[in-house]
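Participant:
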Amino acid sequence: MSEKKAAGGLQGIVAGQSAISTVGVGGIGLNYRGYDINDLAYKCSFEEVTYLLLKGNLPNQQQLNELKTLIQQKRQIPCKLKQILETLPKESHPMDIMRTVASIVGILEPETKSGQEYEISIRLISLFGPALLYWYHYSNSGIKINENTGKDSIAENFLKLYHLKSQIDPLVIKTFDVSLILYAEHDFAASTFAARVTVSTLSDFYSGITTAIGTLRGPLHGGANEAAMQYLEPLRSIPQADQFLNSRYQSKQLIMGFGHRVYKKEDPRSPIIKDFSLQLSKTANGDPTLLAVSQHIEKRMIEEKKIYPNLDFYSASAYKQCGVPTPMFTAIFVISRMTGWGGHIIEQRSNNKLMRPVSEYTGPAKKQFVPIEMRNKANL
Ligand code: CMC
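Take the sequence shown: its position 282, counted from the start at 1, is 1112 in this note's numbering, and no numbers get skipped.
1) Tell me the residue span of the alpha helix (DSSP H) that contains residue 1075.
2) Taking Cβ to Cβ, would you say residue 1086 is nearer than 8 angstroms to residue 1058?
3) What is the rounded straight-line gap between the Cα of residue 1061 and the Cα of residue 868?
4) Assign residue 1138 to one of three DSSP states: helix, strand, or coil.
5) Between residue 1149 and residue 1156, what straight-line distance do the alpha-carbon atoms span, to the nearest angstrom?
6) Using the rule of at least 16 other Cβ atoms within 10 Å of the residue's Cβ for burial, across every protein chain shown, is residue 1146 buried or exposed?
7) May I have the straight-line CA-CA distance separating residue 931 from residue 1203, to the nearest angstrom?
8) Within the same chain, show all residues whose beta-carbon is closer than 8 angstroms to that of residue 1152, passing over the 5 residues directly before and after it, in chain order.
9) Determine whether the beta carbon atoms of residue 1130 and residue 1075 lie at a separation below 8 angstroms.
10) If you draw a straight line from the C-alpha of residue 1212 to the C-alpha of residue 1181, how long is it?
11) Where does residue 1105 fall in DSSP's three states?
12) Nearest CA to the CA of residue 848: which residue from 1171, 956, 935?
13) Write down every uninterrupted run of the alpha helix (DSSP H) in the segment 1127 to 1189 whose length is 4 residues or greater and which is fully enclosed by it, in chain order.
14) Quick check: is any heavy atom of ligand 1 less than 7 angstroms from the C-beta of residue 958?
15) Whole angstroms is fine: what's the gap from residue 980's alpha carbon to residue 1166's?
16) Just checking my contact of residue 1038 with residue 1046 at CB under 8 angstroms: how many whole Å lie between their CB atoms?
17) If we call anything under 8 angstroms between Cβ atoms a contact, is residue 936 one with residue 1036?
18) For residue 1211, which residues from the same chain have a beta carbon less than 8 angstroms from its beta carbon, with the 5 sequence-adjacent residues on both sides left out?
19) Examine chain C for any beta-carbon lying closer than 8 angstroms to the beta-carbon of residue 948, and answer yes or no.
20) Residue 856: buried (16+ other C-beta within 10 angstroms of its C-beta) or exposed?
21) Is the separation between the beta-carbon of residue 1104 and that of residue 1079 shorter than 8 angstroms?
22) Less than 7 angstroms between the CB of residue 1162 and some heavy atom of ligand 1, yes or no?
23) Just to confirm, is the Cβ distance from residue 1137 to residue 1008 under 8 angstroms?
24) Please specify which runs of the beta strand (DSSP E), each continuous and at least 3 residues long, are wholly inside the segment 889 to 925, giving them in chain order.
25) Return the CA-CA distance between residue 927 and residue 1041, expressed in angstroms with no decimal places.
26) State the Cα-Cα distance for the pair residue 970 and residue 962, rounded to the nearest angstrom.
27) For residue 875, count neighbouring C-beta atoms within 10 Å of its own C-beta (all shown protein chains included) and say buried if the count is 16 or more, exposed if not.
28) For residue 1054, which residues of its own chain have a beta-carbon under 6 angstroms away from its beta-carbon, when the five flanking residues on both sides are left out?
29) With H, G and I counted as helix, E and B as strand and the rest as coil, what does DSSP make of residue 999?
30) Taking 6 angstroms as the limit between beta carbons, can you name the residues of its chain near residue 933, skipping five residues before and five after?
31) Since residue 853 sits in a beta bridge, which residues does DSSP pair it with?
32) Is the distance from the Cβ of residue 1160 to the Cβ of residue 880 below 8 angstroms?
33) Nearest-angstrom Cα distance between residue 1205 and residue 1189?
34) Is residue 1088 helix, strand or coil when you go by DSSP?
35) Rounded C-beta distance between residue 911 and residue 938? I'm assuming under 8 angstroms.
36) Which term fits residue 1022, buried or exposed, when burial requires 16 or more other beta carbons within 10 angstroms of its beta carbon?
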């Protein structure tokens, strides 16, 4: 067997084949199953993209209607899950809730035969939001929400359940829906790769998803949207933004929401979510100061460090202006990326091979064994 040495972090290593998305490969930008991300974001719904990623093609009207009906059915929270959610502390992080929901549903509705991937994916995509918000309202104010909001899209259902309102501003719904489309798929991102490694052992679907959620959480990956909002929130003027950036530069700390392993210039998703964040900032509930500060940080990072914003940077201000609390940002990413994870698990299983690389050994040379009674610090 010939062995190639991997750079740190598997940078630049082709770890397998995939027909799901291109992340800037060959200069053709970001495409899901061949469709440009701009077309999908501006002309499609998240439900259409869900079908595309899981089934391989865009749905016709009848297929979309059937998917919407299925989503409505699959958002019902099982009683046993409700009982468990009611016991979880309000201080829990939403990502712990998401990981737990995937795990509990894996017990209540286990994968028992082959060919269940589409159904289980739709179950989790539909259920994650209602389950998170059931826990949120119950643990904070004792309210047991009714998760069924009729034929609403995933985006509208989430926003209605969070705000406990029957009407949501259409621009807020569209922004949220676009963010779900943008976060849906990104090739062998760390969480997707982790899911593929897990199912390559012939483990079950839910184990692949809990692995992926744990991997997404870190601030170098999905946790960056939450981490970006944490530093943006207190910055209420350009001088404050300058002070923040200067001190980060000085201490050589990362600016979350900037940089990318693959895109070394612009992340093609960033201008799209920035467009929606800017639109929201001009509405009555918008936050123009947050956008002015964000744009100033972006300008300085590009001019001074040549580092561009990734999707997470303007997603932070977009979600904030949708009225969603910061600790929920990465959990929303889970709802969206569930589509990509599902597509990748299906693809991995269609041509499975155990993922088991090797490391370059850097430990000690072979040593003579020392019985315990003869060991002391000197001879170890
Ligand atoms: N702030 C400050 N400096 C940075 C940043 C940043 N956000 N990103 C990269 N750099 C610097 C880095 O310090 C390094 O400098 P030097 O060569 O002097 O050591 C140089 O740019 C190259 O960076 P790298 O660490 O080799 O690049 P990478 O491909 O390993 O890292 C990254 C990619 C996303 C981990 C990194 O850019 C980062 O930590 N960004 C902040 C976290 C973040 O926003 N993550 C979300 C990624 S996109 C969405 C997703 O996948 O979920």
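The beta carbon of each residue, even a glycine, is placed where N, CA and C say it ideally should be.
Facilitator: Put simply:
1) 1068 to 1081
2) yes
3) 29 angstroms
4) coil
5) 8 angstroms
6) buried
7) 50 angstroms
8) 989, 1002, 1005, 1006, 1110
9) yes
10) Outside the modelled stretch of the chain, which goes from 831 to 1210, sits residue 1212, for which no answer is possible.
11) Under the three-state reduction of DSSP, residue 1105 is assigned to helix.
12) 1171
13) 1141 to 1151, 1159 to 1180
14) no
15) Each residue's alpha carbon lies about 20 angstroms from the other.
16) Wrong, their Cβ atoms sit about 12 angstroms apart, outside the cutoff.
17) yes
18) With the chain covering only 831 through 1210, there is no way to say anything about residue 1211.
19) The structure shown contains no chain C; it is built from a single protein chain.
20) exposed
21) no
22) Residue 1162: no, Cβ never under 7 angstroms from ligand 1.
23) no
24) none
25) CA-CA distance, residue 927 to residue 1041, rounds to 14 angstroms.
26) 12 angstroms
27) The residue in question, residue 875, is buried, as its Cβ has 16 or more Cβ neighbours within 10 Å.
28) 1086, 1087, 1142
29) coil
30) 1040
31) 860
32) no
33) Rounded to whole angstroms, residue 1205 and residue 1189 show a C-alpha spacing of 30 angstroms.
34) strand
35) Contact between residue 911 and residue 938 holds: their C-beta atoms lie close to 7 angstroms from each other, under 8 angstroms.
36) buried
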